[in-house]
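Counted from 1, the sequence shown has number 58 at position 58 by full-length UniProt numbering; the numbering is strictly sequential. What follows is a short report on a single structure.
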Amino acid sequence: MILFVVNSNDYELNAEVSSMEKTDLSTARRNMHSSNIKTRKRALRTLHEVKRNAKKQK
Numbered sequence: 001m002i003l004f005v006v007n008s009n010d011y012e013l014n015a016e017v018s019s020m021e022k023t024d025l026s027t028a029r030r031n032m033h034s035s036n037i038k039t040r041k042r043a044l045r046t047l048h049e050v051k052r053n054a055k056k057q058k
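Given below as structure tokens:
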């Protein structure tokens, strides 16, 4: 992806687009079976975050 930064608003928009990954519980569980280590770590981080948020709500 090529980005030409004209002003700071363009950069902020790109930061939001590049971090648009699915972070729901079902996707994280599916990604835990991936052979890619980075994907598994990202999924584990999501699962821990969901569990942490569930504890905070109680």
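C-beta atoms are modelled at their ideal positions from N, C-alpha and C, and glycine is treated no differently.
| Item | Value |
| --- | --- |
| Around the Cβ of A28, are there at least 16 other Cβ atoms within 10 angstroms (buried) or fewer (exposed)? | buried |
| Using only CA atoms, which one of K41, K38, S35, L47 lies nearest to S26? | L47 |
| Please classify N14: does DSSP put it in a helix, a strand, or coil? | Any answer about N14 is weak, because its pLDDT of 49 lies below 50 and its placement is not dependable; what the coordinates show is given next. Correct three-state label for N14: helix. |
| Quick one: is D24 near chain C, going by C-beta distance under 8 Å? | Given the protein chain composition of this structure (a single chain), no chain C is represented. |
| For the alpha helix (DSSP H) holding K56, just list the boundary residues, first then last. | 37 to 57 |
| Identify the continuous alpha helix (DSSP H) that holds T23 and give its terminal residues. | No alpha helix (DSSP H) contains T23, which DSSP labels as neither H nor E. |
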